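Report on the following structure.
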Amino acid sequence: MDEGMQPGDRLPSEPILIEKLGRSKGTVREAMRILEAEGLVRTRTGPGGGAFVDRSSDEQIMALMANHFYFEALTLRDIYQLRLALEPELAASLAGRLTEQALEDLQAQMVFYANPPRNAEEEREQHVASLAFHRQLARHSPNPLLGLMIRFLARFLTDLTIRQRLYEPHNRELWKRGRDYQSQLLGALTRGDEKAARETMRAHMNTALRLMENQAVRVEQRLF
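Under the UniProt record's numbering, the letters of the sequence shown match residues 1 to 224, in that order.
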């Protein structure tokens with residue numbers, strides 16, 4: 001970063017790093033191993049090989065964050081408290097600013113849950129696809145930190161839904177309300193109506209929280 005290097009740039013060779021940093025070979029190699037494990041460096045062997053600056057992938061970032069929060073016993077309400085704070089503002093910021101292709105991609109994502117699920121497996125697939133809609137929307141955020149946080153929350157909620165099998169109690173209202181809110185949101189985004197986009201997303205989050213908490217209660221009752 002100090003030297004303005006970007007992903008894809010080749011790092012100096014090991015002997016040069018040892019001399020430049022004034023550290024032993026073992027220290028430099030251990031530092032490179034740690035950077036590679038964190039996704040900030042990648043190595044390539046053979047002709048043209050070496051060590052290159054890299055960018056941590058979404059999967060690496062999400063996995064590290066999720067590993068931390070697995071020990072915090074987050075609840076649905078904890079997750080939705082942040083979703084309610086962040087996603088309405090994301091929606092408002094994107095109203096009238098998405099390309100035609102981006103809007104078409106979001107519409108295409110909704111095809112995966114266009115019809116009510118017929119069994120538990122389809123319930124699970126549709127829950128996952130519906131949350132993927134939010135991750136997809138967040139990728140267009142002009143604020144990379146906001147986009148990352150929303151993608152993480154959707155990813156974490158996906159994992160929680162599958163782990164606790166919250167998709168198993170059939171809930172037609174959850175399917176219908178989620179699909180309807182997303183359709184309304186797409187309309188507001190297309191029209192460039194920031195107020196409608198914000199209010200629709202807020203209503204969507206509040207309704208989803210209520211219905212998902214009901215799902216959790218039904219799962220718990222079924223276990224006892």
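We treat Cβ as the ideally placed atom computed from N, Cα and C, and that holds for glycine.
Model, not experiment: these values are computed from the prediction.
- By DSSP's assignment, G50 forms a beta bridge with R44.
- Y181 is positioned such that its CB atom lies no closer than 8 Å to that of A196.
- Counting the other Cβ atoms within 10 Å of the Cβ of S141 gives 16 or more, which makes it buried.
- The alpha carbon of L76 has as its nearest neighbour, out of H170, F156, R179, the alpha carbon of F156.
- In its chain, beyond the 5 residues on either side, I150, R151, A154, R155 have a beta carbon closer than 8 Å to the beta carbon of R135.
- In the DSSP assignment, L98 falls outside any alpha helix (DSSP H), carrying neither H nor E.
- Going by beta carbons, R177 and T207 fall inside the 8 Å limit.
- Per the coordinates, the alpha-carbon of P15 lies some 56 Å from the alpha-carbon of T190.
- For V53, the closest of L35, A66, D78 by C-alpha to C-alpha distance is L35.
- DSSP, reduced to helix, strand and coil, places R135 within a helical segment of the structure shown.
- A contact between stretches requires three or more CB pairs, one per stretch, nearer than 8 Å, and the segment 46-60 meets this requirement with the segment 7-21.
- In this structure, L211 and N171 form a Cβ contact; the two beta carbons are roughly 7 Å apart against a cut-off of 8 Å.
- Within its own chain, the residues whose Cβ lies closer than 8 Å to the Cβ of P117, once the five positions on either side in sequence are excluded, are E123, E125, Q126, H170, W175, listed in chain order.
- When secondary structure is reduced to three states using DSSP, R163 falls in the helix class.
- When DSSP states are grouped into helix, strand and coil, R55 belongs to the coil group.
- R23 carries a coil assignment under DSSP once its states are collapsed to helix, strand and coil.
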